[in-house]
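Visitor:
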Amino acid sequence: MTESVPPQPHQPRKPDGGTTGNGPDDRGERAERGERAEPAGCDGPDEGPTHELLLTGARLGDGRVVDVRLCGGRIEAVGTAGSLTQPAAAEGARVDLSGYLLLPAPAEPHAHLDSALTADGGGPPSGDPEDVQRRVTEAALLQLGHGATALRTHVRIGDVQGLQALEAVLKARRSLRGLVCLGTVAMPRVLTGAAGADGLAMLRDALKMGAEVVGGCPDLDPDPAGYAEAVLGVAAEFGCPVDLHTDGDDPARLARLAAMAGGLRPGVTIGPCAGLARLPQDVAVRTAGQLAAAGVSVVCLPQGGCGALEQGPRGASGPGVVRTLRGAGVRVAAGSGALRDAANPVGRADPVEAAFLLASYGECAPWAAYEAVSTEARAVLGLPEVRVEAGFPADLLAVRGQRMEGVLSLGYSRIVIHRGRVVSRTSAVREYADCAVTEAMDLPRQWRSGGSPA
């Protein structure tokens, strides 16, 4: 299996940090006007030359085989195979997608990149800013190779490290522009009691530095309800979204959170909520209905927990949780959680695998499972919807295969497109030795992932 990321020209941009455009006055005014800025980790208008790309022979979910022309980071045209012309610009290119299923690119709504790839370290992960920046960059590129063109990573703040980890993540974010959209969630440990004032001050500093989402773990605070109330208050002050870790095993606490979160415009997300599976079914259904009425989204982690809660089972969603939430009308996205760290030393952070697990567990059908890691995940991140239709953003994933079922089970070969450019390719070929049985049955010796013979 080979994987490569083409070199990308990086245009000079304004650095993250400082208070310009990130203070409570600016964000609060936007929230009052009902405006929602594009997440800070995403690219702004393309400052370089207009890139054009023609994708030919791609299969869509409805079975059509089409050509797709991309220009300026968006889908310019979709036509029947052979109907679209090669881009005339010098930067134009053509990619043959025969044998590939073309899909909206996945997004990763729940990552912990600052602690990723540390399982082999034999001790606590290094907090050195250069080590953190390297881990974040390597992990983000690994997830990009799987197909995720947008990521949201939770970053601990406070304690001994202060804001150093967040600063390292923001540096990595700047270096990755043009390849992947990287958003950050500031996670203070304690926000109530004697230490709460320091935690709140550091949370505000983190948002001014460049974090765009308020997060944390209410379950670990001595006053979980007070923690959630403090988070929602800061989020309203700054006009920021909220993304909280919770096991979800206390229906009264979730009901109170839903009541407080209903008026927050940028949106509230919680997860992984594995504890809902331990509640009586009628209580779980009622709680899910309260979350749906408040517009609270849930991110489940079918590949395993992330370790942020420091308690409960490793599995991140109990049986039936996703079905219960979806049945009540809750927006459910699926994330990866841990990536080869102490919480899950074998975590793969592959959104296609997360969709496979949802489908194989019977939580939803294959296409709905893929939507949980693509359409729903992008919505949780505040990103515009992607469809393979003219006018939509050109963030796409081509996976070798003919149907979604095959893509989820054997979709190793992938081509990733972000803002209209190919940013990663992975090619997998399986080859068998000569065998009388395969010769007698006229089976190919070589198969490409997705079930198509080479």
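1 is the number of the first residue of the sequence shown in the UniProt record's numbering; add one for each residue after it. Note that beta-carbon positions come from the ideal geometry of N, C-alpha and C, so glycine has one too.
1) Just how far apart, CA to CA, sit Met260 and Leu232?
2) Output needed for His154: all residues of its chain with C-beta closer than 6 Å, excluding positions within five of it in sequence on either side, in chain order.
3) What three-state label does DSSP hand Arg425 in the structure shown?
4) In the DSSP assignment, find the unbroken alpha helix (DSSP H) run with Ala328 in it and report its ends.
5) Taking Arg173 as part of the alpha helix (DSSP H), name the residues at either end of that continuous run.
6) Determine the contact status of Cys190 and Gly183, defining contact as a CB-CB distance below 9 Å.
7) Is it right to say Asp159 is buried, meaning 16 or more other beta carbons lie within 10 angstroms of its own, or is it exposed?
8) Give me the Cα-Cα distance between Ser336 and Ala440, rounded to the nearest whole angstrom.
9) Going by beta-carbon coordinates alone, are Thr80 and Asp96 separated by less than 9 Å?
10) Is the beta carbon of Pro129 sitting closer than 9 Å to the one on Glu167?
11) Put Tyr227 into one of helix, strand or coil per three-state DSSP.
12) Could you tell me which of Ile417, Arg430 and Thr426 sits nearest to Gly178, measuring between CA atoms?
13) Ends of the alpha helix (DSSP H) at Gly196?
14) Taking just the CA atoms, how far does Lys208 sit from Gly23?
15) Tell me the DSSP secondary structure of Leu102 in three-state form.
16) What is the DSSP secondary structure of Gly406, reduced to helix, strand or coil?
17) Which first and last residues belong to the beta strand (DSSP E) in which Arg146 is found?
18) In the structure shown, what three-state DSSP assignment does Leu113 receive?
19) From this set, Gly63, Gly73 and Asp62, which residue's C-alpha is nearest Ala390's C-alpha?
20) Helix, strand or coil for Leu257 per DSSP?
21) Quick one: give me the first and last residue of the alpha helix (DSSP H) that Leu357 is part of.
22) Is the beta carbon of Cys240 closer than 9 Å to that of residue 459?
23) Could you work out which residue in Val423, Ser427 and Leu176 is closest to Arg414 when comparing CA atoms only?
24) My guess is that Val373 and Ala334 are in contact by the Cβ rule of under 8 Å, so how many angstroms apart are they, rounded?
25) Do the CB positions of Gly295 and Gly262 come within less than 9 Å of each other?
26) According to DSSP, is Arg314 helix, strand or coil?
27) Please report the distance separating the alpha-carbon of Leu264 from that of Val298.
28) What separation, rounded to the nearest whole angstrom, lies between the Cα atoms of Ser98 and Thr375?
29) Closest to Ala194 by CA distance: which of Asp221, Val180, Ala365 and Arg326 is it?
30) Assuming Leu291 is part of the alpha helix (DSSP H), what are its boundary residues?
31) Do Val180 and Gln133 have their CB atoms nearer than 9 Å?
Guide: Taking the coordinates as given:
1) Met260 and Leu232 have their C-alpha atoms spaced approximately 8 Å apart.
2) The answer, listed in chain order, is His112, Val185, Met187 and Gly215.
3) In the three-state DSSP reduction, Arg425 falls in the strand class (E or B).
4) Note, Ala328: premise wrong, no alpha helix (DSSP H); not H, not E.
5) For Arg173, the enclosing alpha helix (DSSP H) begins and ends at Gln164 to Leu176.
6) First, the residue type needs correcting, since residue 190 is Val and not Cys in the sequence shown. With contacts defined as CB atoms closer than 9 Å, Val190 and Gly183 fail to qualify as a contacting pair.
7) Note on Asp159: under 16 other CB atoms within 10 angstroms of its CB, so exposed under the neighbour-count rule.
8) CA-to-CA, the gap between Ser336 and Ala440 works out to about 43 Å.
9) Not in contact: Thr80 and Asp96 (Cβ atoms no closer than 9 Å).
10) Contact: yes.
11) Correct three-state label for Tyr227: helix.
12) Among Ile417, Arg430 and Thr426, the Cα nearest to that of Gly178 is on Ile417.
13) In this chain, the alpha helix (DSSP H) harbouring Gly196 covers Gly196 to Met209.
14) Bear in mind that a pLDDT of 47 at Gly23, under 50, signals an unreliable position, so the model cannot answer this.
15) In the displayed model, Leu102 falls within a strand according to three-state DSSP.
16) Residue state, collapsed to three classes: helix.
17) In the sequence as presented, Arg is not what sits at residue 146; that position holds His. Per DSSP, His146 is not a residue of any beta strand (DSSP E); the alpha helix (DSSP H) it occupies stretches across Pro129 to His146.
18) Residue state, collapsed to three classes: helix.
19) The shortest C-alpha separation from Ala390 is found at Gly73.
20) If DSSP states are grouped into helix, strand and coil, Leu257 belongs with the helices.
21) Taken as a continuous stretch (DSSP letters only), the alpha helix (DSSP H) holding Leu357 covers Pro351 to Ser360.
22) For the chain, the structure presents residues 1 to 454; residue 459 sits outside this window and is missing.
23) Checking every option, the nearest Cα to that of Arg414 belongs to Ser427.
24) Yes, Val373 and Ala334 are in contact; Cβ-Cβ is about 5 Å, under 8 Å.
25) With respect to Gly262, Gly295 sits close: the two C-beta atoms are nearer than 9 Å.
26) In this prediction, Arg314 scores a pLDDT of 45, lower than 50, which makes its location untrustworthy; no coordinate-derived value is stated.
27) Their backbone Cα atoms lie some 16 Å apart in a straight line.
28) Near 24 Å, if we compare the C-alpha coordinates of Thr375 and Ser98.
29) Ranking the options by Cα distance to Ala194, first place goes to Asp221.
30) According to the DSSP assignment, Leu291 belongs to the alpha helix (DSSP H) that extends over Gln281 to Ala294.
31) In this structure, Gln133 does not lie closer than 9 Å to Val180 by Cβ.
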